[in-house]
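Worksheet for the structure shown next.
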Amino acid sequence: MFMSNDRKKSWLPKRFLWRLTFLNIVIVASFIVLSSWAIYNTACFLVDGMEAMDVQKLNQFDSTLFQYLWIFSVTAIVMGSIVHFYLTRTLTRPLRGLIESTKSMKKGQYPTPIEVSSEDEIGQLSVQFNSLVQQLKNNEQYRQKLISDLSHEFRTPLSNLNGYLNAMKNGVIEGDQKLYESLHEESKRLISMVEQLEKLKEWDSVSQQLFSDKKVVDMALLMEQSVEMFRWTMEKADIEVGCKVENGLVNVYNGGITQVLSNLLDNAVRYYRGTGPITITGECLDREYRVCISGPGQEIPETEQDKIFERFYRTDPSRSRETGGTGLGLAITKEIVKSHHGEIGVHSNGNEHTFWFTLPLHAVSATNDKNEC
């Protein structure tokens, strides 16, 4: 709602500092005048009760008392107003800093952090404002990086498609079945990338909302179903699989954790390098359920392990394109786990990798046995 331009005119000063000072003067002056009036009348009443004092001395006492009370009242009001003005000015200095910072943000500039010198409400407001500015900076940097990554990811395949289509159009090359299949696969990869971006956007928004269609499921059953979906693929690739899971109930978003398991299993199979088995384990810890998927694969440098869940990240870009990767699967996986208030990570020891994630445990199943799947 926008503020109306036809606001009622106030007889108070416009600036907050002056308004506060003016109101303080009125309140303090009122109390001082009332107190002085009460003291004056009380003193006069007591003196009137003294029979020995003559009228001249009584009048002189009244005049002197009134004069001192007047001087005291005016001095107290002036000194109190000056002290109040400077104290209020000091207290409201962070507010003036906030005003200038918001003006800078309105112009599209990021202000320097506001200096926080207290832990009161204004200090807390300044801390939250600084955090907000930093978050906006991070979001802007992330947006620019995302645009740059998108441009890079789409430019190469689109250039390839455009180059081949132009060459066939001009008769430079003739299309054959193999070329058509390659172009078709490249177009499918682009479509897959767009679809995964849509999923990522969906989970970005879901992570900020309350889940209305969550349901309690047994992780053992969920993991067994997911492993079964990949069993034929693993057997075809001659990959041995081992699976041991405990029963544990978790409250999950419909289809979300199934996609997490599918993404991690697909990643383990797609980048499988070696002869060892792929091992899937699930266990109930204190207040969470932990899933681990381990297996051999291409080496992940230690410095790159923190980046592996970033969007469009690949340890080997050319090899990932050959295997059909888009660099979005693990980013989607991380977003889904985060939206369930869980954690995700990877442990790597040379060519042996363990991808893990945890979920808050809803309840431990009555039959907490380890199942082979």
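In the working numbering, the protein residues as written are 1 to 373. Yeah, the Cβ is synthetic: ideal placement off N, Cα and C, and Gly gets one too.
Taking a C-beta distance under 7 angstroms as the contact criterion, Leu-249 and His-362 qualify as a contact pair. For Ile-332 and Gly-256, the gap between their C-alpha atoms comes out near 10 angstroms. Straight-line measurement puts the Cα of Glu-185 at about 39 angstroms from the Cα of Glu-283. Annotation for Thr-233: the continuous alpha helix (DSSP H) segment containing it runs 219-236.
In the DSSP assignment, Pro-94 falls within the unbroken alpha helix (DSSP H) covering 93-106. Note on geometry: alpha-carbon atoms of Leu-34 and Gly-80 lie some 16 angstroms from one another.
Taking 8 angstroms as the upper bound for CB-CB distance, Ile-336 and Gln-259 are in contact here, some 6 angstroms apart. Gly-97 and Glu-121 have their C-alpha atoms some 15 angstroms from each other. Around the beta carbon of Ile-308, 16 or more other beta carbons sit within 10 angstroms, so the residue counts as buried. In the structure shown, the three-state DSSP call for His-341 is coil. Cβ contact annotation for Thr-279 (same chain, cutoff 6 angstroms, sequence separation greater than five): Gly-242 and Ser-294, in chain order. Restricting attention to beta strand (DSSP E) runs no shorter than 3 residues, the stretch 237-292 encloses them at 241-246, 249-253 and 278-284, ordered along the chain. Nearest C-alpha to Val-252 among Val-133, Ile-239, Asn-351 and Glu-288: Glu-288. A direct Cα-to-Cα measurement between Arg-89 and Ser-126 gives close to 16 angstroms.
Fewer than three Cβ pairs drawn from the stretch 65-83 and the stretch 104-113 lie within less than 8 angstroms of each other, which leaves the two stretches out of contact. Taken through DSSP and simplified to helix, strand or coil, Thr-88 comes out as helix.
Phe-357 is the residue among Gln-144, Pro-301, Phe-357 and Leu-158 whose C-alpha sits nearest the C-alpha of Leu-261. Thr-354 places its beta carbon less than 7 angstroms from that of Cys-292.
When the Cα atoms are used, Gln-305 and Leu-91 turn out to be separated by approximately 47 angstroms.
Looking at the backbone, the Cα of Ser-182 and that of Asn-247 are separated by about 45 angstroms. Within its own chain, the residues whose Cβ lies closer than 8 angstroms to the Cβ of His-347, once the five positions on either side in sequence are excluded, are His-353, Thr-354 and Trp-356, listed in chain order. With a beta-carbon spacing of about 14 angstroms, Ser-73 and Ile-27 fall beyond the 8 angstroms limit used to define contacts. Nearest to Thr-303 by alpha-carbon distance, out of Asn-349, Thr-275, Pro-157 and Gln-225, is Asn-349. By a beta-carbon distance limit of 8 angstroms, Ala-237 contacts Val-269. Their separation comes to about 7 angstroms.
Note: Lys-214 is bridge-paired with Tyr-253 in the DSSP secondary-structure output.
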